[in-house]
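Colleague: Here it is: the structure, laid out below.
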Amino acid sequence: MFHFPDITIRATLVSVIGALGLLVTGLSANALLNAYDEAANARRIATSTVISKQLFRSLTGLRNERGPKIFALLGDEPIGRDADAIAAAARAEYEAGYAEALKGLGSLERAPGLERLKAAHQAVGTLQSQVDAAVHQAKSARDPTLVQTWSQVTQSMLDANLAISDPLEAAIKLTDPLIDHYLEVKHAAWTARLNLGLAALKGQELVSAGQAMTDAEAVVWHQNMGRADGAWRQVTEAAARDDAPRALVEAVEKAGTSFTEHYADDMKALIDALAARRPARVDAEGLRKIYNENNAAVAAVSIVALDQMVSRAGEHATRANRILVADGAVLLAALALSVGGFLVVTRRVSRPIQTLTGLITRLARQDFTVEIPPKTYGDEVGQMQEALLVLRENGKIHRESVRVRAAEAKSRRLANLYAALSQCNQAIVHSANEADLFPKICRCVVEYGFAKMAWIGLLDKDRKRVDPIVSYGDTTGYMDGLTVPLDLAEPLSRAPSATSIRDNQAIWYQDLVRDFMVGPATQSWHERAKNAGFHGLASLPLHRNGIPAGCLVIYSDTTDAFDEGARELLIEMAVDISFALDNFARETERRQSVTALQASETRYRLVFQTSLDAIAINRMSDGTYVDVNDGFVNIMGFDHDDVIGRKPPDISIWVNPEDRRNLIETLRQALFCQNVEAQFRKKNGELLWGLISASLIELDDELCILSVTRDISDIKKAEEEIKTLAFYDPLTHLPNRRLLTDRLGHALAVAARNKRTCALLFVDLDNFKTLNDSSGHAIGDLMLQEVATRLMGNVRESDTVARLGGDEFIVLIEDLSENLEESATQAEDIGKKILDAIAQPYLLSGREYRSTTSIGVILFGKRYENSDDLLTQADIAMYQAKVAGRNTLRFFSPDLQAAINTRVAMEDDLHRAVGKAQFSLHYQPQVEHGHLVGAEALIRWNHPERGVVAPGQFIPLAEETGLILPLGQWVLETACRQIATWDTRKDTAHIVLAVNVSALQFRQPNFIEQTLSTLEKTGANPQKLKLELTESLLVDNIEDVIAKMTALRSRGVRFSLDDFGTGYSSLSYLKRLPLDQLKIDRSFVKDVLTDANDAAIAKTIVALGQTMGLSVIAEGVETEAQRGFLSGLGCHAYQGFLFGRPLPLEEFQMSLQSLAN
24 MFHFPDITIR ATLVSVIGAL GLLVTGLSAN ALLNAYDEAA NARRIATSTV ISKQLFRSLT
84 GLRNERGPKI FALLGDEPIG RDADAIAAAA RAEYEAGYAE ALKGLGSLER APGLERLKAA
144 HQAVGTLQSQ VDAAVHQAKS ARDPTLVQTW SQVTQSMLDA NLAISDPLEA AIKLTDPLID
204 HYLEVKHAAW TARLNLGLAA LKGQELVSAG QAMTDAEAVV WHQNMGRADG AWRQVTEAAA
264 RDDAPRALVE AVEKAGTSFT EHYADDMKAL IDALAARRPA RVDAEGLRKI YNENNAAVAA
324 VSIVALDQMV SRAGEHATRA NRILVADGAV LLAALALSVG GFLVVTRRVS RPIQTLTGLI
384 TRLARQDFTV EIPPKTYGDE VGQMQEALLV LRENGKIHRE SVRVRAAEAK SRRLANLYAA
444 LSQCNQAIVH SANEADLFPK ICRCVVEYGF AKMAWIGLLD KDRKRVDPIV SYGDTTGYMD
504 GLTVPLDLAE PLSRAPSATS IRDNQAIWYQ DLVRDFMVGP ATQSWHERAK NAGFHGLASL
564 PLHRNGIPAG CLVIYSDTTD AFDEGARELL IEMAVDISFA LDNFARETER RQSVTALQAS
624 ETRYRLVFQT SLDAIAINRM SDGTYVDVND GFVNIMGFDH DDVIGRKPPD ISIWVNPEDR
684 RNLIETLRQA LFCQNVEAQF RKKNGELLWG LISASLIELD DELCILSVTR DISDIKKAEE
744 EIKTLAFYDP LTHLPNRRLL TDRLGHALAV AARNKRTCAL LFVDLDNFKT LNDSSGHAIG
804 DLMLQEVATR LMGNVRESDT VARLGGDEFI VLIEDLSENL EESATQAEDI GKKILDAIAQ
864 PYLLSGREYR STTSIGVILF GKRYENSDDL LTQADIAMYQ AKVAGRNTLR FFSPDLQAAI
924 NTRVAMEDDL HRAVGKAQFS LHYQPQVEHG HLVGAEALIR WNHPERGVVA PGQFIPLAEE
984 TGLILPLGQW VLETACRQIA TWDTRKDTAH IVLAVNVSAL QFRQPNFIEQ TLSTLEKTGA
1044 NPQKLKLELT ESLLVDNIED VIAKMTALRS RGVRFSLDDF GTGYSSLSYL KRLPLDQLKI
1104 DRSFVKDVLT DANDAAIAKT IVALGQTMGL SVIAEGVETE AQRGFLSGLG CHAYQGFLFG
1164 RPLPLEEFQM SLQSLAN
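Everything in the sequence shown is counted per the numbering used here, starting at 24 for the first residue and increasing by one.
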């Protein structure tokens, strides 16, 4: 049997009823939660299906707009009226679907890819107007790159759409077989439509160009048509199911007729006609119409499937909501039954038991005022009520007798306490110190009070303990060796005496056995008190100057001895004792003060006479000197007789009398002052700086000023020198950058407030480094000093000329005209004066030198600007003056800043791109005698925001910043890995891969080792690697170039001289270079048929190559006429769009077959 002795009957009944109610309610609640989850999931699926449908509308609309416009951009004529109308309707459908999908996505908790979708939509909108204009123009007026851009941007939108719809549809799957079935129908129809579109696009290109389809194109076209046929078979099979909706069947039948009877036959006929080179049955416009009709019919199938999916999901949501309502009703019924049962048990059983329990508890606590309710029932409860009435009356009689006896005992205790208090006060009056008082207090408490023993202890702060000083009544040895620690970490620190001091309050124990908790920390105290016969205890803190200083501890041999009256008298006694302690402390302090004052006067006189500082005492009323020390005589130069009895104005000692008046005013308000600086005049007239500290003192009942002055003249001199070094250029003594920044900030604030214009001129000497290096730094320093003098001589005194460092100076001109044009003219006039002044000859150390300068000007003032930005903008303008030929000035314009900002942003992106591998290689074929012999590896930057960035936009920046080194090494390693890969394939093993090498990369000391290491690491055949060098490499250190080329040539690496004829060409060096090939630059090839000079240069390069035994390749060959001309010159190796554009690796390898043919 289970046994629960502490559980009441009432609690048992309530627990049983509650448990049953909780069980039923819990089961109902669990069912409700499950139903809620099902309903929420159904609503989520319904919402997802609606969003999926709207996304598909948007996607379909964009593709329907995209196709006709691509056809139009590829065609020769503007877009037709029908195609334009179809595109406009498609755009409306795209925008409507996007808007509705956006609303639905906003209701989801998470919508990954939403920001990408918005960005792609914005990009499409930005480009649409440009495309709309282009399709209504003739082909010659269109931007040829617009087709690719439109395809890329719309494809990004389609990808962003699918990135959201695919996860939504994946979440919808497996929730219902019919929903899965409709999704499959929608995807199959989409697949058929997509592949039909690809086939139509290829057909449009061929019809527009009037070309036959190649074998490779035919393979791809038939693959697309095959995929479309296969996907459409899935659609027709789905429509043939018994449970297929009528709307789906009708849409499939309509689209099937269009697909089978029109579009497929027309497409195949078109392909056959192109292959046979005979007129096609349909032209480009007819093909577009057929495609649009078929496209709309197939799209309708997807829409119907999506409608059925949305409807099915809605049915699920409705059913789940009904279940949720039913389960909620069950839960409410369970709760009602549980509450009803609980109320019945409570009213009939639990509440009477609770009432009787409360009455018994109050009687046990001797509360005989309790009201016993009348008898309600004739059961056990009624009998208990009658018994309680008898107990209450008997208790009242007993309590009254006890009260009378307690009152008598209390009167006796109070009489004894009053006697003890009186005796204590007598002892306080007649005691001179604590040693006299404490024994009398303890004796009075025991003999005249009711205590059995009393002791007084004082606080030892250093040792953190209470030490007993005196006790009385200890007959058991209780006090022997007694010390009480205060640190709570000590086990014995819980004693009442320590607690009363620590908490600063009286502690009362009416019954030590009952009130004093026994534990490890108090066991020893409890045992001591028990053995001594103590039953009650009081500990009262004693104060000295309001701070606990000790305690009075009183022990009683009876319980309940410290009633309210006793506590009040004992607290009054502790207050009286604390008052006595305050008096004793004050008397002790008085005696110590007298002694300290006598010692202080002696020390003061010694300090006054021996201090090295100037100490003076002046009357506050009129300033008359009362006394001065020897330090005053030594510092100020006055004798005692010159000063005593005279006033400061009599000896003119204060250089600025206002300083003395300020000092006196400060003393009147604050009574003292410290570290006040002032200048004094010595007796011999010399000036010195003094640091004054002064206070008011009373001397012979008269208010005087005691001042101590320290000579800080040397410190002030050092401060001035430090200030000069901190704010001025040591060479030219002009303001430095720090002081210029301060003045520029002040000028900005004043100009903004007064609406005046200011000018900042950035002056930089031309070719100063050459002068400094050739003539020495001493001449350079003299030049800078003379430039500073000339600059100062050509500006106003209110203007600022500063030196930033090196040969850079700044001229700050303030308070120019309010009119911007006039202020620009004023600034230009000053700049021209500076140009003329700097250009004059310089006679330095007996020799004549000349110099010029470049000046950048920025105007500011009518709006708040940043000083750092102004300096940067002036620097940019100065740089433009350098570019313009030097010895001139240029004004800053926002276009310059924008160009710099663009460049800085490009540089930051380039740094990140190197680290994040945003680069790829494209490959352009090189053909000789009609056969593929090699390729050139060309780098492309796949910028995450700007798309593909052409090399011409970032290679020069990479060369300037040094990033060309890691970039070039990456290109070399990637190309070598590709060589090794191609070497394993029969169809690519013959390809020689050309790689461009920058001059900076080639000049690296370890270029040979790095190249050979890369070849070894990747396993590439050196003979398949051709390094293309530019002519700029031949400008410097030709011997090092030849040595490096020779070393690599000996290992099999080939070399080609790129862009030959455009730069530095020396035949004397050219014949020494171990070259394999010369490359005719595209700039000559472009106009070789129309420009006689270009034709002559190309002919000369071919002849030079033949003479030197070098192969010659021409780049930029785009037409058959160019190839024929070059072939006639003897050049049979070509690279250009005629043979293939630069392609990514996969596309290049796919094109190898056509290149081989």
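Each residue gets a CB set at the ideal place from its N, CA and C atoms; glycine is no exception.
All figures in this text were calculated on a predicted structure; none of them were measured in a lab.
How many angstroms separate the CA atom of Glu320 from the CA atom of Leu980?
Modeller: By one-based count along the sequence shown, residue 320 stands at place 297. By one-based count along the sequence shown, residue 980 stands at place 957. For the record, residue 320 in the displayed sequence is Ala; it is not Glu. So the alpha carbons of these two residues sit roughly 53 Å apart.
Colleague: Provide the residue span of the alpha helix (DSSP H) that contains Ala1121, from first to last.
Modeller: Here residue 1121 corresponds to residue number 1098 of the sequence shown, with the count starting at 1. Unbroken alpha helix (DSSP H) run through Ala1121: Ala1115 to Met1131.
Colleague: At which residues does the alpha helix (DSSP H) containing Asn247 begin and terminate?
Modeller: Indexing the sequence shown from 1 puts residue 247 at position 224. Unbroken alpha helix (DSSP H) run through Asn247: Asp238 to Ala262.
Colleague: To which residues does DSSP link Asp1081 through a beta bridge?
Modeller: Numbered from 1 along the sequence shown, position 1058 holds the residue referred to as residue 1081. In the DSSP assignment, Asp1081 is bridged to Thr1053.
Colleague: Ordered along the chain, which non-local residues of its own chain (more than five positions away) have a Cβ less than 6 Å from that of Gln808?
Modeller: The residue labelled residue 808 in the question sits at position 785 within the sequence shown. Taken in chain order, the residues that qualify are Thr755.
Colleague: Please report the distance separating the alpha-carbon of Met24 from that of Thr581.
Modeller: Counted from its first residue, the sequence shown places residue 24 at position 1. Counted from its first residue, the sequence shown places residue 581 at position 558. Note that Met24 scores a pLDDT of 45, beneath 50, so its modelled location is shaky; the value from the coordinates is reported in the next line. Near 49 Å, if we compare the C-alpha coordinates of Thr581 and Met24.
Colleague: Around the Cβ of Asp1160, are there at least 16 other Cβ atoms within 10 angstroms (buried) or fewer (exposed)?
Modeller: To locate residue 1160, count along the sequence shown from 1; it is residue 1137. As written in the sequence, residue 1160 is Phe, which differs from the Asp given in the question. So Phe1160 counts as exposed.
Colleague: Where DSSP assigns a beta bridge to Ile715, which residues make up the other side?
Modeller: For the purposes of this step, residue 715 is taken as residue 692 along the sequence shown, with counting starting at 1. Looking at the DSSP assignment, Ile715 forms a beta bridge with Val699 and Thr732.
Colleague: Give me the DSSP bridge partner(s) of Lys1102.
Modeller: Here the question's residue 1102 lines up with position 1079 in the sequence shown. Paired residues: Ile1136.
Colleague: Can you give the Cα-Cα distance for Asp583 and Ser601, rounded to whole angstroms?
Modeller: The residue labelled residue 583 in the question sits at position 560 within the sequence shown. The residue labelled residue 601 in the question sits at position 578 within the sequence shown. Taking the straight line from one Cα to the other gives about 26 Å.
Colleague: Specify the secondary structure class of Leu1035 as computed by DSSP and reduced to three states.
Modeller: Start at 1 with the first residue of the sequence shown, and residue 1035 comes out as number 1012. Of the three classes helix, strand and coil, the one that applies to Leu1035 here is helix, per DSSP.
Colleague: Mapping DSSP to helix, strand and coil, what is Ala960?
Modeller: As a first step, residue 960 is located in the sequence shown; it is residue number 937 there, counting from the start. Secondary structure at Ala960: strand, using DSSP grouped into helix, strand and coil.
Colleague: Among residues of its own chain, excluding the 5 on either side of Ala1231, which ones have a beta-carbon nearer than 6 Å to its beta-carbon?
Modeller: Residue numbering for the chain in the displayed model covers 24 to 1180; residue 1231 lies beyond these limits and cannot be assessed.
Colleague: Mapping the DSSP letters down to three states, classify Ala477 as helix, strand or coil.
Modeller: Translated into the one-based positions of the sequence shown, residue 477 becomes position 454. DSSP places Ala477 in strand when its eight states are reduced to three.
Colleague: With distances taken from CA atoms, which of Asp838, Arg909, Gln903 and Leu866 is nearest Leu882?
Modeller: As a position in the sequence shown, residue 882 is number 859, starting the count at 1. Nearest option by C-alpha distance: Asp838.
Colleague: Sort out for me which residues DSSP pairs Ser579 with in a bridge.
Modeller: On the sequence shown, position 556 is the one that residue 579 refers to. BP columns for Ser579 point to Gly559.
Colleague: Whose CA, out of Ile102, Tyr902 and Arg80, lies closest to the CA of Ala122?
Modeller: Reading the sequence shown from its first residue, position 99 is the one you call residue 122. Minimum Cα distance to Ala122 is reached at Arg80.
Colleague: Using only alpha-carbon positions, find the residue among Tyr648, Asn679 and Ser675 that is nearest to Asp664.
Modeller: Taking the sequence shown and counting its residues from 1, one reaches residue 664 at position 641. Checked all of Tyr648, Asn679 and Ser675; the closest Cα to Asp664 is Tyr648.
Colleague: Should Lys705 be labelled buried (16 or more other beta-carbon atoms within 10 Å of its own) or exposed?
Modeller: On the sequence shown, position 682 is the one that residue 705 refers to. Note on Lys705: under 16 other CB atoms within 10 angstroms of its CB, so exposed under the neighbour-count rule.
Colleague: I'd like to know whether the C-beta atoms of Gly90 and Asn318 end up nearer to each other than 9 Å.
Modeller: One-based indexing of the sequence shown puts residue 90 at position 67. One-based indexing of the sequence shown puts residue 318 at position 295. Yes; because the gap between Cβ atoms is below 9 Å, this pair is in contact.
Colleague: Counting Cβ pairs, one atom from each stretch, are 3 or more of them under 8 Å apart for the stretch 137-153 and the stretch 169-176?
Modeller: yes
Colleague: May I ask you to verify whether the stretch 519-532 touches the stretch 560-567, counting CB pairs closer than 8 Å and requiring at least 3?
Modeller: yes
Colleague: Excluding five sequence neighbours on each side, which residues of the same chain lie with their C-beta closer than 8 Å to the C-beta of Pro864?
Modeller: As a first step, residue 864 is located in the sequence shown; it is residue number 841 there, counting from the start. Taken in chain order, the residues that qualify are Glu871, Tyr872 and Arg873.
Colleague: In the structure shown, what three-state DSSP assignment does Met24 receive?
Modeller: Walking along the sequence shown from the start, residue 24 turns up at place 1. Caution is warranted here: a pLDDT of 45 is assigned to Met24, below 50, making its placement in the model unreliable, and no coordinate value can be reported.
Colleague: How many Å lie between Leu729 and Leu763 at the Cα?
Modeller: Along the sequence shown, read from residue 1 onward, the residue named residue 729 stands at position 706. Along the sequence shown, read from residue 1 onward, the residue named residue 763 stands at position 740. Going by the C-alpha atoms only, they are around 44 Å apart.
Colleague: Can you say whether His800 is buried or exposed, counting buried as having 16 or more other CB atoms within 10 angstroms of its CB?
Modeller: In the sequence shown, residue 800 corresponds to position 777, counting from 1. Exposed, because fewer than 16 other Cβ atoms sit within 10 Å of the Cβ of His800.
Colleague: Look at the alpha carbon of Leu271 and the alpha carbon of Leu206, and state the distance between them as a whole number of angstroms.
Modeller: Residue 271 sits at position 248 when you count from the first residue of the sequence shown. Residue 206 sits at position 183 when you count from the first residue of the sequence shown. If you take the alpha carbons of Leu271 and Leu206, they lie about 13 Å apart.
Colleague: Taking the C-alpha atoms as reference points, what is the distance between Glu240 and Thr1113?
Modeller: Indexing the sequence shown from 1 puts residue 240 at position 217. Indexing the sequence shown from 1 puts residue 1113 at position 1090. Looking at the two C-alpha atoms, the distance is approximately 35 Å.
Colleague: Write down the C-beta distance between Tyr495 and Ala518 rounded to the nearest angstrom, noting that I regard them as a contact closer than 8 Å.
Modeller: Along the sequence shown, one-based indexing puts residue 495 at 472. Along the sequence shown, one-based indexing puts residue 518 at 495. Contact between Tyr495 and Ala518 is absent: CB atoms are separated by about 19 Å, not below the 8 Å threshold.
Colleague: Cα separation between Val1018 and Gln1176?
Modeller: Within the sequence shown, the letter at position 995 stands for residue 1018. Within the sequence shown, the letter at position 1153 stands for residue 1176. Whole-angstrom Cα-Cα distance: 23 Å.
Colleague: Give me the Cα-Cα distance between His26 and Val39, rounded to the nearest whole angstrom.
Modeller: On the sequence shown, residue 26 is found 3 positions in, with the first residue counted as 1. On the sequence shown, residue 39 is found 16 positions in, with the first residue counted as 1. Annotation note: pLDDT 49 at His26 (below 50); position unreliable, coordinate value reported separately. One C-alpha to the other measures close to 16 Å.
Colleague: If we ignore side chains and look at the alpha-carbon of each, how far apart do Gln903 and Asn679 end up?
Modeller: Taking the sequence shown and counting its residues from 1, one reaches residue 903 at position 880. Taking the sequence shown and counting its residues from 1, one reaches residue 679 at position 656. The straight-line gap from Cα to Cα measures roughly 54 Å.
Colleague: For Arg926, count neighbouring C-beta atoms within 10 Å of its own C-beta (all shown protein chains included) and say buried if the count is 16 or more, exposed if not.
Modeller: Along the sequence shown, read from residue 1 onward, the residue named residue 926 stands at position 903. Within 10 angstroms of the beta-carbon of Arg926 lie fewer than 16 other beta-carbons, which makes it exposed.
Colleague: Do you know offhand how far Phe655's Cα is from Trp677's?
Modeller: Translated into the one-based positions of the sequence shown, residue 655 becomes position 632. Translated into the one-based positions of the sequence shown, residue 677 becomes position 654. So the alpha carbons of these two residues sit roughly 14 Å apart.
Colleague: Short check: CB of Ile735 to CB of Gly713, under 9 Å?
Modeller: Start at 1 with the first residue of the sequence shown, and residue 735 comes out as number 712. Start at 1 with the first residue of the sequence shown, and residue 713 comes out as number 690. Yes.
Colleague: Using a 10 Å radius around the Cβ and a threshold of 16 neighbouring Cβ atoms, would you call Ile836 buried or exposed?
Modeller: Within the sequence shown, the letter at position 813 stands for residue 836. Per the 10 Å Cβ criterion, buried.
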